[in-house]
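Undergrad: Protein sequence lines, in the order shown, are assigned to chains A and B. Numbering-wise (our numbering), the first sequence opens with residue 1 and increments by one. Numbering-wise (our numbering), the second sequence opens with residue 611 and increments by one. Cβ atoms here follow ideal geometry from the backbone N, Cα and C, with glycine treated the same way.
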Amino acid sequence: MHQEFLMGNEAIAMGAIAAGVNLVAGYPGTPSTEVLETVAKHRPQDTYVEWSINEKTAMEVGAGAAYAGARVMVTMKQVGLNVATDPLMSLEYIGVKGGMVVLVADDPGPISSQTEQDTRHFSRFSKLPCFDPSTVQEAYDMIQDAFEYSEKYKTPVFLRSTTRVSHGYASIQVKDEAEYNKNLPEGFIKDTKRWVIFPRLSYQAHINIEARNVALSQEFSSYDKNRILYADSNRFPKKGIATGGFNYTYVSEALKALGEVKLLKVSTPHPFPEALALSFLTGLDEVICIEELDPVIERELIYIAGKYQLPVKIYGKLTMDVKNSGENTLDSVMENLTKFLGVNPPETSALTEADKAEMPELPVRPPVLCAGCPHRASFYAVKQAMKGKKTLFAGDIGCYTMGNAMPLDMVDTCLCMGAGLGIAQGIDHIEPDTSCFAFVGDSTFFAAAIPGVINAVYNQANMTLVVLDNSTTAMTGHQPHPGTGQTMMGDVVNKISIEKILKGIGLAFVETVNPLDHNKSVETVKRAAALPGVKAIIFKSPCIAIVKSDKCLSVDHDKCINCRKCIREIGCPALVLRDERVVIDDSLCTGCGLCSQICPVQAIGGEQHE
Amino acid sequence: MSKNIILCGVGGQGTILASKLISGAAMNKGMAVKSAETIGMAQRGGSVFSHLRLGEGADCPMIASGCADIIIGFEPGETVRLLPYLKKEGQVIVSTRPVMPVTAALAGSDYNGSEMLDYIRKKVKRVIAIDTERVCRELGSTKIVNLLLLGAAVKSGALGLDEEDIRKVILDRIPPKFHELNFKALEYAKNI
Numbered sequence: 001m002h003q004e005f006l007m008g009n010e011a012i013a014m015g016a017i018a019a020g021v022n023l024v025a026g027y028p029g030t031p032s033t034e035v036l037e038t039v040a041k042h043r044p045q046d047t048y049v050e051w052s053i054n055e056k057t058a059m060e061v062g063a064g065a066a067y068a069g070a071r072v073m074v075t076m077k078q079v080g081l082n083v084a085t086d087p088l089m090s091l092e093y094i095g096v097k098g099g100m101v102v103l104v105a106d107d108p109g110p111i112s113s114q115t116e117q118d119t120r121h122f123s124r125f126s127k128l129p130c131f132d133p134s135t136v137q138e139a140y141d142m143i144q145d146a147f148e149y150s151e152k153y154k155t156p157v158f159l160r161s162t163t164r165v166s167h168g169y170a171s172i173q174v175k176d177e178a179e180y181n182k183n184l185p186e187g188f189i190k191d192t193k194r195w196v197i198f199p200r201l202s203y204q205a206h207i208n209i210e211a212r213n214v215a216l217s218q219e220f221s222s223y224d225k226n227r228i229l230y231a232d233s234n235r236f237p238k239k240g241i242a243t244g245g246f247n248y249t250y251v252s253e254a255l256k257a258l259g260e261v262k263l264l265k266v267s268t269p270h271p272f273p274e275a276l277a278l279s280f281l282t283g284l285d286e287v288i289c290i291e292e293l294d295p296v297i298e299r300e301l302i303y304i305a306g307k308y309q310l311p312v313k314i315y316g317k318l319t320m321d322v323k324n325s326g327e328n329t330l331d332s333v334m335e336n337l338t339k340f341l342g343v344n345p346p347e348t349s350a351l352t353e354a355d356k357a358e359m360p361e362l363p364v365r366p367p368v369l370c371a372g373c374p375h376r377a378s379f380y381a382v383k384q385a386m387k388g389k390k391t392l393f394a395g396d397i398g399c400y401t402m403g404n405a406m407p408l409d410m411v412d413t414c415l416c417m418g419a420g421l422g423i424a425q426g427i428d429h430i431e432p433d434t435s436c437f438a439f440v441g442d443s444t445f446f447a448a449a450i451p452g453v454i455n456a457v458y459n460q461a462n463m464t465l466v467v468l469d470n471s472t473t474a475m476t477g478h479q480p481h482p483g484t485g486q487t488m489m490g491d492v493v494n495k496i497s498i499e500k501i502l503k504g505i506g507l508a509f510v511e512t513v514n515p516l517d518h519n520k521s522v523e524t525v526k527r528a529a530a531l532p533g534v535k536a537i538i539f540k541s542p543c544i545a546i547v548k549s550d551k552c553l554s555v556d557h558d559k560c561i562n563c564r565k566c567i568r569e570i571g572c573p574a575l576v577l578r579d580e581r582v583v584i585d586d587s588l589c590t591g592c593g594l595c596s597q598i599c600p601v602q603a604i605g606g607e608q609h610e
Numbered sequence: 611m612s613k614n615i616i617l618c619g620v621g622g623q624g625t626i627l628a629s630k631l632i633s634g635a636a637m638n639k640g641m642a643v644k645s646a647e648t649i650g651m652a653q654r655g656g657s658v659f660s661h662l663r664l665g666e667g668a669d670c671p672m673i674a675s676g677c678a679d680i681i682i683g684f685e686p687g688e689t690v691r692l693l694p695y696l697k698k699e700g701q702v703i704v705s706t707r708p709v710m711p712v713t714a715a716l717a718g719s720d721y722n723g724s725e726m727l728d729y730i731r732k733k734v735k736r737v738i739a740i741d742t743e744r745v746c747r748e749l750g751s752t753k754i755v756n757l758l759l760l761g762a763a764v765k766s767g768a769l770g771l772d773e774e775d776i777r778k779v780i781l782d783r784i785p786p787k788f789h790e791l792n793f794k795a796l797e798y799a800k801n802i
């Protein structure tokens, strides 16, 4: 063993490597992305890693490898699990041969997601065991435990993380390479009674799964990461706190100031460690549940209290004693606990309440497209081309969701990966006089948009698809995809052409244009929009975070008439006001030239190198 | 010894690298480190933070209100936003250079950070404010804001790390071609 300073997601990856993982597949999504990237960076030579085109495919690739006896990890964020649900729900019945861990990172807040869904529910729904680490060290240890349980019970298991575990850093104890487990896959053994799902098999499997989960609940009651702490608290002998996952660390910090209170730490929310929880509840009058997302632990405790007729009151989200949405914080948990225990919180802050009331109004900073982002130019071109027309701009998931911000205001809808295409068609069928556009990024195109294009062509929709191709998966940190010609194994492969796919589907109009050429872009959009049927424009220009620019523009204040059209029209973060004049922030400008093309007096120019 | 450190600013300003240098320096001294930071959508021009907890005994990587020994602010408004985290007698290091949000530019706002700096000076006793824009011009690089703030934090004594610790971690973690510039910034910060 030795010590390393790791991010939670890196710890999960290194834990999987220590467990002898043979194959890792996933799709990027905050806060899960670094797990797969770390495996790719540190993988032993015979470990296979891929960014699959979406989570469903990753799950299926993972299932195949696990059928062959490989140890497998599949990685995704919580909404990615929705995409992978179809194979997973059937895989629950079929089971696996090699250990298979489904790593899902939940996002309380949500900070970078569409939903606040709780994978612990998904684990109950799919009847699959779930491990829920509270610290970086536990994440490292529990992914290894998860592989053992998966193989012992021949079932996929969840490792559920949340943002603060995934993105927290800690110095932890990790294994030396010599201590790593080695797993040599036996290979796939044909057996149709085992690997081919049929109603009869599912019926029998269902019986086995229910019995297994009863046994697992027993086993988890003595799992060393499910624990009762401070059982002999003198100060609050009739009160208890139940928590799990990252929230355990919030509670633990609060109790340093408040004193010991009997505590149940749940690391396997499903199957719930019922015997341990019964022992925790016995003798208590009141229990508060501190957890994020849904009241999973709370409902389990209410069930157990009812089942065993215990005279204990359970407080939490269901009783509105803990907030039922958003992220908990050290402060919110301290407030929950002081109220529950009837004590006062410690006063340590430099600011009094009166000081806080005097605080000046703080700048509001919604996330925006970077200075020089080609998406800004694409949106602006479509906006200019369609000025005065009745339009619908369906957005999608990626950096370009930020095209919603003022002054662009070019995202009318956003739902989930690839949904913009279907939404544009639905609105077209009901409102034929609206010119419907769907914007989709290159990675999202491969992940989720192709069926929508085929549907549009087949069902005779009228719409314009705008592919915002910046040659990377930008939002999650620049992962490669089929259009980039690179794989996570380091191979350079043929790039799959979006243009050829669209032409192959049979679109009559497919044109690729550089969005930073403003006039040509506007003209292309106008031509496309005027045609009937399904049309596509591919705006191709690389992400500015990948292709670094050494250019920078500046405003010639002798020419500038201070009309501020540049700021008003495109809202680039590099265009700022200083002493009532527009200036270009040289630390942000990439010299993309969009502002210089719209300046009415050609006052923006130069291309100085820094 | 244990220290709770908060770094804050606007996405893209380099708070994460500064946080890595501090944690690296602490690790070099054999200290346990826990940290948490903003990753994801907010990095695109939004408010970002890093929480750092040095020393044994921290269960949680996050810092509670009123518990930070020091706040290192890369932007005046963002420093005020996180000021409730500062403990009594805590230290603030702040760059005076404002970053104007697009929303403010659109509204024709005159946000220049001065109101924020006034508030910080009024409410906090131990403040070091650095005109990073001027110093960057003087030293000929926009990439040294990090080291200027870090140098001032070291000098304040509130970081629990000394100059030698930071020099060592710069050698470890930063490409050699930037060493001289970073040392120059560190040296400059000592004399502020």
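1) On the DSSP bridge assignment, give the partners of cysteine 414 of chain A in chain order.
2) With 8 Å set as the bound, which would you pick, yes or no: does the beta-carbon of threonine 30 of chain A sit closer than that to a beta-carbon of chain B?
3) Which residues in chain B sit within 7 Å of lysine 77 of chain A, going by Cβ to Cβ distance?
4) In whole angstroms, give me the CA-to-CA distance for glycine 245 of chain A and serine 267 of chain A.
5) Taking DSSP as the reference, what is the three-state secondary structure of glutamine 608 of chain A?
6) Short of 8 Å in beta carbon distance, which residues of its chain neighbour proline 480 of chain A, apart from the five on each side in sequence? Order them along the chain.
7) Based on Cα-Cα distance, which residue from B/Glu790, B/Pro786, B/Leu771 and B/Asn801 lies nearest to glutamate 611 of chain B?
8) Can you find the residues in the same chain that come closer than 7 Å, C-beta to C-beta, to phenylalanine 220 of chain A, ignoring five residues on each side of it along the sequence?
9) Label arginine 200 of chain A either buried or exposed according to how many other C-beta atoms from any shown protein chain fall within 10 Å of its C-beta, with 16 as the threshold for buried.
10) Compare the C-beta of glutamine 168 of chain A against all C-beta atoms of chain B and say whether one is closer than 8 Å.
11) Name, in chain order, the residues that DSSP records as bridge partners for alanine 405 of chain A.
12) Give a yes or no on whether the minimum CB-CB distance between proline 785 of chain B and chain A is below 8 Å.
13) Is it a yes or a no for the segment 280-298 of chain A touching the segment 259-266 of chain A, going by three-plus beta-carbon pairs under 8 Å?
14) Within the chosen definition, does the segment 314-324 of chain A reach the segment 278-292 of chain A through at least 3 CB pairs nearer than 8 Å?
15) Check whether the segment 134-147 of chain A and the segment 5-21 of chain A are in contact - that is, three or more C-beta pairs closer than 8 Å.
16) Counting only Cβ pairs nearer than 8 Å, list the residues of chain B close to isoleucine 598 of chain A.
17) Checking the sheet assignment: what are the DSSP bridge partners for alanine 419 of chain A?
18) Within 8 Å (strictly less), CB to CB, does serine 252 of chain A reach chain B?
19) Are the Cβ atoms of threonine 348 of chain A and lysine 698 of chain B separated by less than 8 Å?
20) Quick check on this structure: which residue in A/Arg527, A/Asp579, A/Ser202 and A/Ala377 has the alpha carbon closest to the alpha carbon of methionine 89 of chain A?
21) Can you name the residues of chain B whose CB is closer than 8 Å to the CB of methionine 359 of chain A?
22) Locate the beta strand (DSSP E) running through leucine 23 of chain A, then write down its first and last residues.
23) Is DSSP giving glutamine 701 of chain B helix, strand or coil here?
24) Just checking my contact of leucine 692 of chain B with isoleucine 615 of chain B at CB under 8 Å: how many whole Å lie between their CB atoms?
25) Have a look at serine 629 of chain B and valine 620 of chain B and give me their C-alpha separation to the nearest angstrom.
26) Given 7 Å as the limit, tell me if proline 273 of chain A has its C-beta closer than that to any heavy atom belonging to the ligand HEM.
27) Taking the alpha-carbon positions, what's the methionine 73 of chain A to serine 217 of chain A distance?
28) Could you spell out where the beta strand (DSSP E) holding serine 657 of chain B opens and where it closes?
29) Are the beta-carbon atoms belonging to valine 368 of chain A and arginine 654 of chain B less than 8 Å from one another?
30) Can you tell me the Cα-Cα spacing of phenylalanine 228 of chain A and cysteine 543 of chain A, whole angstroms?
31) Quick check: the Cα distance between threonine 713 of chain B and tyrosine 149 of chain A, rounded to an integer number of angstroms?
32) How many Å lie between aspartate 321 of chain A and valine 104 of chain A at the Cα?
33) Using the C-alpha atoms, what's the distance from valine 525 of chain A back to glutamine 425 of chain A?
34) Keeping to the same chain, check which residues put their C-beta closer than 6 Å to that of glutamine 384 of chain A; ignore five residues upstream and five downstream.
35) Which residue spans inside the segment 167-239 of chain A form an unbroken alpha helix (DSSP H) run of at least 4?
36) Could you pull the DSSP bridge partners for aspartate 579 of chain A from this structure?
TA: Well, looking at it:
1) The residue labelled residue 414 of chain A in the question sits at position 414 within the first sequence. Answer is none; cysteine 414 of chain A lacks a bridge partner.
2) Along the first sequence, one-based indexing puts residue 30 of chain A at 30. So, interface residue.
3) Translated into positions along the first sequence, residue 77 of chain A becomes position 77. In chain order: nothing, as chain B lies at least about 10 Å away.
4) If you number the first sequence from 1, residue 245 of chain A lands on position 245. If you number the first sequence from 1, residue 267 of chain A lands on position 267. The straight-line gap from Cα to Cα measures roughly 6 Å.
5) Translated into the one-based positions of the first sequence, residue 608 of chain A becomes position 608. Low per-residue confidence applies at glutamine 608 of chain A: pLDDT is 49, beneath 50, and the placement is therefore not dependable, though the value from the model is reported in the following sentence. Here glutamine 608 of chain A sits in strand by DSSP.
6) Within the first sequence, the letter at position 480 stands for residue 480 of chain A. Excluding positions up to five away in sequence, the list reads Trp51, Thr472, Thr473, Gln486, Thr487 and Met488.
7) Here residue 611 of chain B refers to the residue found at position 1 of the second sequence. The sequence given here has methionine at residue 611 of chain B, not glutamate. With distances taken between Cα atoms, methionine 611 of chain B lies closest to B/Leu771.
8) Walking along the first sequence from the start, residue 220 of chain A turns up at place 220. So the list reads Asn226, Thr268, Pro271 and Pro273, once near-sequence residues are dropped.
9) Here residue 200 of chain A refers to the residue found at position 200 of the first sequence. When all chains shown are included, arginine 200 of chain A counts as exposed.
10) The count along the first sequence starts at 1 and reaches residue 168 of chain A at position 168. The question names glutamine, but residue 168 of chain A in the sequence shown is glycine. At least one chain B Cβ lies under 8 Å of glycine 168 of chain A.
11) Your numbering for residue 405 of chain A matches position 405 in the first sequence. None, per the DSSP bridge assignment.
12) Taking the second sequence and counting its residues from 1, the one referred to as residue 785 of chain B is at position 175. Judged by the 8 Å Cβ criterion, proline 785 of chain B is not in contact with chain A.
13) With the cut-off at 8 Å, the segment 280-298 of chain A and the segment 259-266 of chain A touch.
14) yes
15) These segments touch.
16) Taking the first sequence and counting its residues from 1, the one referred to as residue 598 of chain A is at position 598. None at all; the shortest Cβ gap to chain B is about 15 Å.
17) Indexing the first sequence from 1 puts residue 419 of chain A at position 419. None, per the DSSP bridge assignment.
18) As a working note, residue 252 of chain A is residue 252 in the first sequence. Yes - at least one Cβ of chain B is within 8 Å of the one on serine 252 of chain A.
19) As a working note, residue 348 of chain A is residue 348 in the first sequence. As a working note, residue 698 of chain B is residue 88 in the second sequence. It is a contact, given that the beta carbons lie within the stated cut-off.
20) Stepping through the first sequence from its first residue, residue 89 of chain A is reached at position 89. It is A/Ser202 whose Cα lies nearest to the Cα of methionine 89 of chain A.
21) Position 359 of the first sequence, counted from the start, is the residue given in the question as residue 359 of chain A. What methionine 359 of chain A touches in chain B: Val690, Leu693 and Tyr729.
22) Here residue 23 of chain A is taken as the residue at index 23 of the first sequence, counted from 1. Here the beta strand (DSSP E) through leucine 23 of chain A covers 23-26.
23) The residue labelled residue 701 of chain B in the question sits at position 91 within the second sequence. Here glutamine 701 of chain B sits in strand by DSSP.
24) Counted from its first residue, the second sequence places residue 692 of chain B at position 82. Counted from its first residue, the second sequence places residue 615 of chain B at position 5. Not confirmed; about 11 Å, so no contact.
25) Along the second sequence, read from residue 1 onward, the residue named residue 629 of chain B stands at position 19. Along the second sequence, read from residue 1 onward, the residue named residue 620 of chain B stands at position 10. Roughly 14 Å separates the two Cα atoms.
26) You won't find the ligand HEM in this model; it holds no ligand whatsoever.
27) Position 73 of the first sequence, counted from the first residue, corresponds to residue 73 of chain A. Position 217 of the first sequence, counted from the first residue, corresponds to residue 217 of chain A. Their backbone Cα atoms lie some 23 Å apart in a straight line.
28) Taking the second sequence and counting its residues from 1, the one referred to as residue 657 of chain B is at position 47. Note, serine 657 of chain B: beta strand (DSSP E), 657-664.
29) The sequence position of residue 368 of chain A within the first sequence is 368, counting from 1. The sequence position of residue 654 of chain B within the second sequence is 44, counting from 1. The answer is yes: Cβ separation under 8 Å.
30) Residue numbering aside, residue 228 of chain A sits at position 228 when the first sequence is read from its first letter. Residue numbering aside, residue 543 of chain A sits at position 543 when the first sequence is read from its first letter. For the sequence presented, residue 228 of chain A should be read as isoleucine rather than phenylalanine. A direct Cα-to-Cα measurement between isoleucine 228 of chain A and cysteine 543 of chain A gives close to 50 Å.
31) Residue numbering aside, residue 713 of chain B sits at position 103 when the second sequence is read from its first letter. Residue numbering aside, residue 149 of chain A sits at position 149 when the first sequence is read from its first letter. Distance between the alpha carbons of threonine 713 of chain B and tyrosine 149 of chain A: 51 Å.
32) Position 321 of the first sequence holds residue 321 of chain A. Position 104 of the first sequence holds residue 104 of chain A. Each residue's alpha carbon lies about 28 Å from the other.
33) Stepping through the first sequence from its first residue, residue 425 of chain A is reached at position 425. Stepping through the first sequence from its first residue, residue 525 of chain A is reached at position 525. Approximately 18 Å between the Cα atoms of the pair.
34) Within the first sequence, residue 384 of chain A is the residue found at index 384, counting from 1. Val522.
35) Within the segment 167-239 of chain A, the complete alpha helix (DSSP H) runs of at least 4 residues are 192-195 and 199-221.
36) Reading the first sequence from its first residue, position 579 is the one you call residue 579 of chain A. Answer is none; aspartate 579 of chain A lacks a bridge partner.
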